[in-house]
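For the protein sequence lines, the chains are D and X, in the order given. Just so you know, we're using the working numbering here: the first sequence kicks off at 259 and counts up by one. Just so you know, we're using the working numbering here: the second sequence kicks off at 259 and counts up by one. One structure below.
Protein chains: 2
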Amino acid sequence: MEWDHVFADRVTQLPESDMGLILKVAGMKDVITFAGGLPPANAFPVEDIKRAASDVLTENAPAALQYGAAAGYQPLREIIAGRMKTRGVKASADHVLITCGSQQGLAFLAHMFINPGDIVMIEEPGYIGGIQAFVSYGAQFVGIPMDDQGMRMDILEAKIKELHQNGKYPKFIYTVPTFQNPTSITMSLKRREALINISKKYNILIIEDNAYGELRYDGEELPLLKALDDEERVIHLGSFSKILAPGMRTAWTVAHKDLIARMVDIRQNLDLGPNIFAQTIIAQYCDMGLLESHVQESKTIYKPKRDAMMHAIKEYFPVEVKVNYPRGGFFTWAELPQGMDTGAMFDEVLKEKVAYLPGADFYTSSNVKNTMRLCYSNSTLEQIEEGIKRLGTAIKKQMDK
Amino acid sequence: MEWDHVFADRVTQLPESDMGLILKVAGMKDVITFAGGLPPANAFPVEDIKRAASDVLTENAPAALQYGAAAGYQPLREIIAGRMKTRGVKASADHVLITCGSQQGLAFLAHMFINPGDIVMIEEPGYIGGIQAFVSYGAQFVGIPMDDQGMRMDILEAKIKELHQNGKYPKFIYTVPTFQNPTSITMSLKRREALINISKKYNILIIEDNAYGELRYDGEELPLLKALDDEERVIHLGSFSKILAPGMRTAWTVAHKDLIARMVDIRQNLDLGPNIFAQTIIAQYCDMGLLESHVQESKTIYKPKRDAMMHAIKEYFPVEVKVNYPRGGFFTWAELPQGMDTGAMFDEVLKEKVAYLPGADFYTSSNVKNTMRLCYSNSTLEQIEEGIKRLGTAIKKQMDK
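Have a look at this one:
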């Protein structure tokens, strides 16, 4: 049977995922890869999860194994609301939706908001998972450049005005304000305040994706956009993937309760509800008082890796390569000299037994080819030193061409 | 902030879910409810799941807690392919996609196939979860009536011809051929063969939803549509929800490997992948050789409930009510005399402390109001006897009006 006639229009528009490349190099012997943003196995609190799982199956099995509410397991919604409150966000369980990773939250938001052709404003470069969720529903993008303070608010406002003059109204502004994926840049407080003001002035929603925000290794803690949001225009996404275990596929969306209620209706039709078993175990783990200390311990795993990578970059990279200094999260971002193409040189660099993620796919509105994302989270200190050394050598070779 | 301007067109078309009613009555004291199709807590093999979870976290924690493949956990895909083979289906792991319940499989299929306005052919009455997944993407329906042999193939073919004459090409035929939801009717072998022939003749896909098919209490086992499908036109959905535990939210889609590959690309953007933790535990549970005997044990839980309900119906229902005899699954289906309205009388019947699911929402193409679905799966034998007695009395009262 020929399939082409049966597909929906939205399917033919899908861009390639980078996951293929990430998995390919992850399976290669002797290759040190900085491509994928995985936590390392030693960051998982296995014994505590085991205890939580055993407790749940002893005390709460009928709930853990049964169908559950489409919004998520109520005690876990309450735990998440409580954590949001400690971060200055007014939230109750009614403001929380549990999803299968933040990616599902992004897809539900796309399902809820995006008609084909609708405009989404996004950092340039922007998070590829967000781009792909929105493209899956036919979104078009207006990319907003960043500097070391994050998204440029002057350009954002000018672009919104320009769109309005053409009768176009962007659906929302999507941002990863803290340890942004892929650049690792954190939006300054001044910019955060300016962004909230723009959202009010132009009546536009903000989606704040905070996948890495809890993993700060140094520098001052900044308020969440959601904490600055006094008119409930911010939709906030957080996740247990980076602070507990991605295999649990459990994340949260926090928003105005009317929006959450609509999302619950939508998700009811898309998967009935999130994994109850994983939710009850995470709730138990949190009730045992283990999460906050585990987040602190995780930082002691990642900070030395960040330090090792930045130190190695200083030692081995040509001075012409501009590298961001990440104050948290899993990766940094490198800009090679103009004219270089990290996609084209990938296979040749791979011969040196080192891999990175080419940056081109993170750009929605410009054709930039000389960038790369470098994840340190899943490599040992020795691998980081050796891998960056190999990469520095390979980049020099490419520059000499 | 006013929200209405931000929603996508597809959101405004959503029908109400029946889940609200099901949950409402489930929470009412003293009410015996036959509304929701839940397994009872004693159908969950808690101790074995506990052992499987403990084994996984002892031996396989790094995989169970890490990101996993978008297609699903490879050993579980292989287990499912193996089970399909024992049912006469040629399948390897490449033909299997793991989803968060069958509902997510239906939604992914809708995402892959349905443009707004596309036509889906469905049994009349048809499964509401399927209807809602497809409506979420703007599907329109052509309902095909059933008799005691299942979907009427003469009418199906006539409707397809009629559509073709109008230049319309239905995207697929959606069917629950075994213990159909909501009617409990099983499609005969002759009809199954006719359906496969129609799918070839008119070059149209079939979606076979087999949520209950493994729970047969008597009568002859019939081949899956997928087992009769020599041109890979059938997309088959199965689930662990009814044979193990719905809280695990783990199900499968089996189809041509090119279609599965496309679905994997699509789902990568919608939730990255299914719950790894639950998948590894189910795979371990299966590897321990426990699943097949558990399915057999489950039948010994449900069969007496089916018998109790059918016996009580014979004793307490007015003879004017036509009730299907279910040879498997969780429920039966009752047709009250013409002119009665099970939706309108619901609240009055509820005063007798008994609840059912009104049938009207299962119809896509006709306005039928005198039907109801009655689930026996989650009630005790005593509750079934007493509940059907109350319902019989209430129906008689309504008929007397």
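For every residue, glycine included, the Cβ atom is placed at its ideal position computed from N, Cα and C.
Item: Beta carbon proximity, I372 of chain X to chain D, threshold 8 Å; Value: yes
Item: Cutoff 8 Å: I402 of chain X Cβ touching any chain D Cβ; Value: no
Item: Residues, ordered as in the chain, of the segment 572 to 586 of chain X that lie near chain D by beta-carbon distance below 8 Å; Value: none
Item: Reference D262 of chain D; option with closest CA among X:A592, X:F371, X:M404; Value: X:F371
Item: Neighbour flag for Q324 of chain X against chain D, beta carbons, 8 Å; Value: yes
Item: Between the CA atoms of L530 of chain X and E660 of chain D - distance to the nearest angstrom; Value: Residue 660 of chain D lies beyond the stretch modelled for chain D, which goes from 259 to 659, so this question has no answer here.
Item: Boundaries of the beta strand (DSSP E) in which P333 of chain X is found, first to last residue; Value: Here P333 of chain X belongs to no beta strand (DSSP E); instead the alpha helix (DSSP H) covers 332 to 344.
Item: Neighbourhood of H552 of chain X by C-beta distance below 8 Å, restricted to the same chain and skipping five residues each side; Value: P303, D306, I501, L502
Item: At least 3 beta-carbon pairs within less than 8 Å: the segment 608 to 627 of chain D vs the segment 571 to 582 of chain D; Value: no
Item: Residues near P562 of chain D in its chain [Cβ-Cβ closer than 7 Å; skip 5 each side]; Value: L639
Item: Beta carbon of R450 of chain X nearer than 8 Å to that of P435 of chain X; Value: yes
Item: Short-range partners of chain X found in the segment 415 to 435 of chain D, where Cβ spacing is below 7 Å; Value: K429
Item: Bridge partners - E578 of chain X, DSSP secondary structure assignment; Value: In the DSSP output, where bridge partners are listed per residue, E578 of chain X has none listed.
Item: Those residues which DSSP pairs with A652 of chain D across a bridge; Value: Partner(s): none; A652 of chain D has no beta bridge.
Item: Spatial distance of A452 of chain D from M411 of chain D (CA atoms); Value: 7 Å
Item: Closer than 7 Å at the beta carbon, the chain X residues around A319 of chain D; Value: F302, V304
Item: Residues sharing a beta bridge with P403 of chain X, DSSP; Value: X:E382
Item: Uninterrupted alpha helix (DSSP H) stretches inside the segment 537 to 591 of chain D (no shorter than 4 residues); Value: 549 to 574
Item: Where the segment 372 to 391 of chain D meets chain X: residues whose CB sits under 8 Å from a CB there; Value: I372, N373, D376, G387, Q390, A391
Item: Bounding residues of the beta strand (DSSP E) (the contiguous stretch that carries E479 of chain X); Value: Here E479 of chain X belongs to no beta strand (DSSP E), and DSSP marks it neither H nor E.
Item: Helix, strand or coil at M506 of chain X according to DSSP, with G and I counted as helix; Value: helix
Item: Contact with chain X by F265 of chain D, beta-carbon distance below 8 Å; Value: yes
Item: Alpha-carbon to alpha-carbon, H422 of chain X and A416 of chain D; Value: 51 Å
Item: Listed by chain order, chain D residues near F535 of chain X by CB distance under 7 Å; Value: G505, M506, A536
Item: Length at least 3, wholly inside the segment 385 to 442 of chain D: the beta strand (DSSP E) runs in chain order; Value: 398 to 405, 430 to 433
Item: Rounded Cβ spacing between I462 of chain X and I493 of chain X (contact assumed at less than 8 Å); Value: Not confirmed; about 12 Å, so no contact.
Item: Any chain D beta carbon closer than 8 Å to N527 of chain X; Value: yes
Item: CB contact check: D619 of chain D to chain X, cutoff 8 Å; Value: no
Item: CB contact below 8 Å: K308 of chain X versus chain D; Value: yes
Item: Bounding residues of the beta strand (DSSP E) (the contiguous stretch that carries R268 of chain D); Value: That residue, R268 of chain D, is in no beta strand (DSSP E); its alpha helix (DSSP H) goes 267 to 270.
Item: Closest Cα partner of P298 of chain X within the set X:K515, X:I456, X:Y634; Value: X:Y634
Item: Coil, strand or helix - G645 of chain X by DSSP; Value: helix
Item: Chain D contact residues for A570 of chain X, given Cβ-Cβ distances below 8 Å; Value: Residues of chain D passing the Cβ test: none, with the nearest at roughly 25 Å.
Item: Buried/exposed call for K419 of chain D, threshold 16 Cβ in 10 Å; Value: exposed
Item: T600 of chain D, buried or exposed, once every other Cβ within 10 Å from all chains shown has been counted against 16; Value: buried
Item: Per DSSP, the bridge partner or partners of M630 of chain X; Value: X:A592, X:P616
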